[in-house]
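Colleague: Residue numbers (the numbering used here), protein chains in the order written: chain F, 1 to 275; chain X, 1 to 292. Every residue gets a Cβ at the ideal spot worked out from N, C-alpha and C, and that includes glycine. My questions will all concern the structure given below.
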Amino acid sequence: MRKIRPYVTGLIALAIAMVIFVLPFVFVLLQAAKSKPEASRLNFGLPEKWLLWDNLVAVFKARDYQLVLAYFNSTLITVVSVTILILLSAMVGYVMQRRKTGWNSVASVALFMGLMMPPAVVPTIGLLQELGLFKTISGMILIQVAYNLSFSTLLFRSFIATIPRDLDEAARIDGAKPWQIFFRVILPLLKPVTVTNIVVQSIAIFNDFTNPLYYLPGKENVTVQLTLYNFQSMYTSQYNLLFMNILLVTIPPLIVFIFFNRQIVAGMTAGAVKG
Amino acid sequence: MTETRPRSHTSPYPLWFFIPAAIIYGVLFLAPTVSSLWFSLTRWDLSTAEFIGLENFRQFFSEPFLVQGLVNTLIYAVTTSGLKTVCGLLLAVLLTGNIFARGFLRTLVFFPVLVSTIGIGITFTVMMHPTRGIINVALETLGIPGPGWLTNPALALFSVALVDLWKGVGLATLIFIAGIAAISPDYYEAARIDGATRLQQFSRITLPLVRPAMITVVTLSLIGGLRSFDLIWAMTRGGPGFSSDVIASVIYKQYQAGFYGLSTAGNVILFALIAIIILPLTLWFNRREVEE
Numbered sequence: 001m002r003k004i005r006p007y008v009t010g011l012i013a014l015a016i017a018m019v020i021f022v023l024p025f026v027f028v029l030l031q032a033a034k035s036k037p038e039a040s041r042l043n044f045g046l047p048e049k050w051l052l053w054d055n056l057v058a059v060f061k062a063r064d065y066q067l068v069l070a071y072f073n074s075t076l077i078t079v080v081s082v083t084i085l086i087l088l089s090a091m092v093g094y095v096m097q098r099r100k101t102g103w104n105s106v107a108s109v110a111l112f113m114g115l116m117m118p119p120a121v122v123p124t125i126g127l128l129q130e131l132g133l134f135k136t137i138s139g140m141i142l143i144q145v146a147y148n149l150s151f152s153t154l155l156f157r158s159f160i161a162t163i164p165r166d167l168d169e170a171a172r173i174d175g176a177k178p179w180q181i182f183f184r185v186i187l188p189l190l191k192p193v194t195v196t197n198i199v200v201q202s203i204a205i206f207n208d209f210t211n212p213l214y215y216l217p218g219k220e221n222v223t224v225q226l227t228l229y230n231f232q233s234m235y236t237s238q239y240n241l242l243f244m245n246i247l248l249v250t251i252p253p254l255i256v257f258i259f260f261n262r263q264i265v266a267g268m269t270a271g272a273v274k275g
Numbered sequence: 001m002t003e004t005r006p007r008s009h010t011s012p013y014p015l016w017f018f019i020p021a022a023i024i025y026g027v028l029f030l031a032p033t034v035s036s037l038w039f040s041l042t043r044w045d046l047s048t049a050e051f052i053g054l055e056n057f058r059q060f061f062s063e064p065f066l067v068q069g070l071v072n073t074l075i076y077a078v079t080t081s082g083l084k085t086v087c088g089l090l091l092a093v094l095l096t097g098n099i100f101a102r103g104f105l106r107t108l109v110f111f112p113v114l115v116s117t118i119g120i121g122i123t124f125t126v127m128m129h130p131t132r133g134i135i136n137v138a139l140e141t142l143g144i145p146g147p148g149w150l151t152n153p154a155l156a157l158f159s160v161a162l163v164d165l166w167k168g169v170g171l172a173t174l175i176f177i178a179g180i181a182a183i184s185p186d187y188y189e190a191a192r193i194d195g196a197t198r199l200q201q202f203s204r205i206t207l208p209l210v211r212p213a214m215i216t217v218v219t220l221s222l223i224g225g226l227r228s229f230d231l232i233w234a235m236t237r238g239g240p241g242f243s244s245d246v247i248a249s250v251i252y253k254q255y256q257a258g259f260y261g262l263s264t265a266g267n268v269i270l271f272a273l274i275a276i277i278i279l280p281l282t283l284w285f286n287r288r289e290v291e292e
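Here's what the structure looks like:
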């Protein structure tokens, strides 16, 4: 009896989890493979003919290859902003952790606010217009950096606490300049938390919808999440294409998840432990 | 290597490391936040701002649909946060226990956290279609008449909250799993020797010791719930009517309509709401922790 129990509970849990967590994804896949009239019935039946490839091509061709442009924009924003984020937040986390100064309390308050407060959108739009950064990719990148700095810094700060100060001292005695200590000694040691940061932040920025909606309107600036939003209003009769688009948007995080499962989990819990 | 200044006076931790981050954060986050306090008091078209005092706030609180947005925000935040805490804790207990396919189940529960909110919103909107959606079709075959999940004004907000639970419970579960894993197995061992039942072990050991994780989950999900916009926008656009509008969607609608001052006032109200709820909560949690 003792030996069976884990299997029984496990299988029941598995069955329920399949219905609740897997069926929606299966539904997306099925819809994405159907023809237009079949998909509009919204039911769970298998497609008569699997049209995955045809729908894929149709989604990519829609609106002059808008999705290709969207993937390009989203990738560009994600890669550049994550790179800047990593560098700046590691620097801030390092000094906050190592040096006792009055600025630390200022930085702590700023961190706390950044985690808690929603941005003031319309004043930000006004400001971006003044700076000539509204509706530009570079403006969007800077916004993503500003909004995600707090979380990144938090991760770095707690990790840097585990690196012994003796290393800094040793490097210093060897004649390294302060910036060399950081870039040549500390930064390479931060690799685990850097990977976590890269993974968690790229998923967050890639999936972001609200900020591009506000700060990056315009056809030529479209991001992946906004294509979904556009498809939704445009293709209420073409559910097959809508769901193919959802499928395509789900794939990048899925790949990242498969490769970095462990780091994501570590990062999510580390960042969540009180700020 | 020549040092011009004596070493003891130069810190190896340069303060200028703060500067690039501080500029970006200060200009793009702090400055708009502070200036929103001023712009919320104006009639504003992005170029000229005319001071009108508290007129925007008076208007906000005298329009029933705007006040409903405020009430909905509270309902939504409390509902999602409560559900995530309870379900997350139960799932975590299940998924730290000795069961078959534990790792796979954890992965399954967590994956929706990473998927596009808009994608999930659209998928569930379709599945919640009142007549053709698979949820109601399934209920019908069981002989239960399914409700209009998103078309019934009394229900729409809660339907979205359920989807929010579906998407977010994985993160809560993960935090609870980390919290439970930190509890020493000795306690359970001792309890078992004393003959404590599973329920007693849960209420006397797990529940009190998982407190730090619970504080994190409650705080995070409350902040998330108060700020939430994308899921609601993808599923209902605040409708039917204004029945599922929250402050964040009100801010967006007023912005779209060109009422920039009113939109910014909505933002200031959201700041205040978050500060009023989260700050005392954090202080209270911290104090309890110190006393214990």
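1. What does DSSP give as the partner residue(s) for Phe51/X in the beta ladder?
2. Just how far apart, CA to CA, sit Ala196/X and Arg288/X?
3. By a C-beta neighbour count over all protein chains shown, 10 Å radius and 16 as the cutoff for buried, is Thr162/F buried or exposed?
4. Any beta carbon of chain X sitting closer than 8 Å to that of Tyr65/F?
5. What does Gly119/X reach in chain F if we use C-beta pairs closer than 7 Å?
6. Is it the case that the segment 235-246 of chain F contacts the segment 25-33 of chain F, given that we only count it when at least three CB pairs across the two stretches are under 8 Å?
7. Check whether chain F comes within 8 Å of Val71/X, counting only Cβ atoms and requiring the distance to be less than that.
8. In chain order, which alpha helix (DSSP H) runs of at least 4 residues are fully inside the segment 228-264 of chain X?
9. So, at 7 Å on beta carbons, what are the nonlocal neighbours of Ile264/F in its own chain, with the 5 sequence-adjacent residues on each side left out?
10. Quick check on the DSSP output: the alpha helix (DSSP H) that includes Ala17/F runs from which residue to which?
11. Is Tyr214/F helix, strand or coil when you go by DSSP?
12. Would you mind giving the Cβ-Cβ distance between Ser249/X and Ile277/X, rounded to the nearest angstrom? I have them listed as a contact below 8 Å.
13. Cβ atoms of Gly266/X and Phe39/X: under 8 Å apart, would you say?
14. Output needed for Ser244/X: all residues of its chain with C-beta closer than 7 Å, excluding positions within five of it in sequence on either side, in chain order.
15. On the three-state DSSP scale, how would you describe Ala170/F?
16. Considering Pro37/F, what are the terminal residues of the alpha helix (DSSP H) in which it resides?
17. Since I believe Phe18/X is in contact with Val22/F (beta carbons under 8 Å), could you give me their beta-carbon distance rounded to a whole number of angstroms?
18. Quick check: what's the CA-CA separation for Ile84/F versus Val145/F?
19. So Arg227/X contacts chain F; which residues on that side make the cut at Cβ distance below 8 Å?
20. Buried or exposed: which applies to Leu66/X, given that a residue is buried once 16 or more other Cβ atoms fall within 10 Å of its Cβ?
21. Going along chain F, which residues have a C-beta under 9 Å from Pro208/X?
22. Report, in whole angstroms, the separation of the C-beta atoms of Thr79/X and Val217/X, which I expect to be a contact under 8 Å.
23. In this structure, does DSSP put Asp194/X in helix, strand or coil?
24. List, in order along the chain, the chain X residues whose C-beta lies closer than 7 Å to that of Asp168/F?
25. Using beta carbons (cut-off 8 Å, strictly below), is Tyr255/X in contact with chain F?
26. Considering only residues of the same chain and omitting the five flanking positions on each side of Ser276/F, which have a CB-CB separation below 6 Å?
27. Leu189/F touches chain X at which residues, Cβ-Cβ below 7 Å?
28. So which of Trp284/X, Ala272/X, Leu220/X has the shortest CA-CA distance to Ser36/X?
29. Hey, out of Ile215/X, Leu165/X, Leu283/X, Ala138/X, whose CA is closest to Ser228/X's CA?
30. Let's test the definition: count the other Cβ atoms within 10 Å of the Cβ of Lys253/X and tell me whether it reaches 16, buried, or not, exposed.
31. Tell me which same chain residues have a C-beta within less than 6 Å of the C-beta of Met268/F, skipping the five on either side of it?
32. Residues of chain X with CB closer than 7 Å to the CB of Asn207/F, please, in chain order.
33. So is Ser8/X buried or exposed if we call it buried at 16+ other beta carbons inside 10 Å?
34. Find the residues of chain X that neighbour Ala32/F, judging by a C-beta separation of less than 9 Å, and give them in chain order.
35. If we cut at 8 Å on Cβ distances, does Met235/X have a partner in chain F?
36. Check whether the Cβ atoms of Thr124/F and Pro32/X sit closer than 8 Å, and answer yes or no.
Modeller: Well, looking at it:
1. Translated into the one-based positions of the second sequence, residue 51/X becomes position 51. Its beta-bridge partners are Thr42/X.
2. Taking the second sequence and counting its residues from 1, one reaches residue 196/X at position 196. Taking the second sequence and counting its residues from 1, one reaches residue 288/X at position 288. A straight-line Cα-Cα distance of about 27 Å links Ala196/X and Arg288/X.
3. The residue given as residue 162/F occupies position 162 in the first sequence. It is exposed - the Cβ of Thr162/F has fewer than 16 other Cβ atoms within 10 Å.
4. Taking the first residue of the first sequence as 1, we reach residue 65/F at position 65. No, Tyr65/F does not count as interfacial toward chain X.
5. For the purposes of this step, residue 119/X is identified with residue 119 of the second sequence, where counting begins at 1. Result: Leu228, Ile246, Val249, Thr250.
6. Pairwise C-beta distances place the segment 25-33 of chain F in contact with the segment 235-246 of chain F, as three or more of them are shorter than 8 Å.
7. Counting from 1 along the second sequence, the entry for residue 71/X is found at position 71. Chain F, which has no Cβ nearer than 8 Å to the Cβ of Val71/X, makes this no.
8. Entirely contained in the segment 228-264 of chain X, the alpha helix (DSSP H) runs reaching 4 residues are, in chain order, 230-235, 247-256.
9. Position 264 of the first sequence, counted from the start, is the residue given in the question as residue 264/F. Non-local C-beta neighbours of Ile264/F in its own chain, meaning closer than 7 Å and more than five positions away in sequence, comprise Val199, Val200, Phe257, ordered along the chain.
10. Residue 17/F sits at position 17 when you count from the first residue of the first sequence. Its alpha helix (DSSP H) spans residues 5-17.
11. If you number the first sequence from 1, residue 214/F lands on position 214. In the structure shown, Tyr214/F sits in a helix (DSSP, three-state: H, G or I).
12. Locating residue 249/X in the second sequence gives position 249, where the first residue counts as 1. Locating residue 277/X in the second sequence gives position 277, where the first residue counts as 1. The C-beta distance from Ser249/X to Ile277/X rounds to 19 Å, too long to fall under 8 Å, and the pair is not in contact.
13. Start at 1 with the first residue of the second sequence, and residue 39/X comes out as number 39. Start at 1 with the first residue of the second sequence, and residue 266/X comes out as number 266. In this structure, Gly266/X does not lie closer than 8 Å to Phe39/X by Cβ.
14. Reading the second sequence from its first residue, position 244 is the one you call residue 244/X. Closer than 7 Å at the Cβ level, and outside the excluded window around Ser244/X, lie Asn72, Ala156, Leu157, Val160, Ile232, Thr236, Gly238.
15. One-based indexing of the first sequence puts residue 170/F at position 170. Three-state result, Ala170/F: helix.
16. Counting from one through the first sequence, the residue named residue 37/F turns up at place 37. That run of the alpha helix (DSSP H) goes 36-40.
17. As a position in the first sequence, residue 22/F is number 22, starting the count at 1. As a position in the second sequence, residue 18/X is number 18, starting the count at 1. Their Cβ separation, rounded to whole angstroms, is 46 Å, which puts Val22/F and Phe18/X out of contact at 8 Å.
18. Your numbering for residue 84/F matches position 84 in the first sequence. Your numbering for residue 145/F matches position 145 in the first sequence. Their backbone Cα atoms lie some 7 Å apart in a straight line.
19. The count along the second sequence starts at 1 and reaches residue 227/X at position 227. Among the residues of chain F, those whose CB is under 8 Å from the CB of Arg227/X are Pro118, following chain order.
20. For the purposes of this step, residue 66/X is taken as the residue at position 66 of the second sequence. Buried: at least 16 other Cβ atoms inside 10 Å.
21. Residue numbering aside, residue 208/X sits at position 208 when the second sequence is read from its first letter. Simply none; closest approach about 18 Å.
22. Mapped onto the second sequence, residue 79/X falls at position 79. Mapped onto the second sequence, residue 217/X falls at position 217. The Cβ separation is near 14 Å, so there is no contact.
23. If you number the second sequence from 1, residue 194/X lands on position 194. Per DSSP, reduced to three states, the secondary structure at Asp194/X is coil, with no helix or strand assignment.
24. For the purposes of this step, residue 168/F is identified with residue 168 of the first sequence, where counting begins at 1. The contacting residues are Pro12.
25. For the purposes of this step, residue 255/X is identified with residue 255 of the second sequence, where counting begins at 1. So, interface residue.
26. Lying outside 1 to 275, the shown extent of chain F, residue 276/F is not represented and no answer is given.
27. Indexing the first sequence from 1 puts residue 189/F at position 189. Those within 7 Å of Leu189/F in chain X number zero; the least Cβ separation is about 15 Å.
28. Taking the second sequence and counting its residues from 1, one reaches residue 36/X at position 36. When each option's Cα is compared against that of Ser36/X, the closest is Ala272/X.
29. Numbered from 1 along the second sequence, position 228 holds the residue referred to as residue 228/X. Ranking Ile215/X, Leu165/X, Leu283/X, Ala138/X by Cα distance to Ser228/X puts Leu165/X first.
30. What you label residue 253/X is simply residue 253 of the second sequence in a count that begins at 1. Per the 10 Å Cβ criterion, buried.
31. Taking the first residue of the first sequence as 1, we reach residue 268/F at position 268. Excluding its 5 nearest sequence neighbours in each direction, Met268/F has no C-beta neighbour in its own chain below 6 Å.
32. Position 207 of the first sequence holds residue 207/F. Per Cβ cutoff of 7 Å: Ser116, Thr117.
33. Translated into the one-based positions of the second sequence, residue 8/X becomes position 8. Its pLDDT being 48, under 50, Ser8/X is placed unreliably by the model, and the measurement read from it follows with that caveat. Under this definition Ser8/X is an exposed residue.
34. On the first sequence, position 32 is the one that residue 32/F refers to. Within 9 Å Cβ-Cβ: nothing; Ala32/F doesn't reach chain X, min ~11 Å.
35. Looking up residue 235/X in the second sequence gives position 235. Output row for Met235/X: interface = no.
36. Here residue 124/F corresponds to residue number 124 of the first sequence, with the count starting at 1. Here residue 32/X corresponds to residue number 32 of the second sequence, with the count starting at 1. The beta carbons of Thr124/F and Pro32/X sit closer together than 8 Å.
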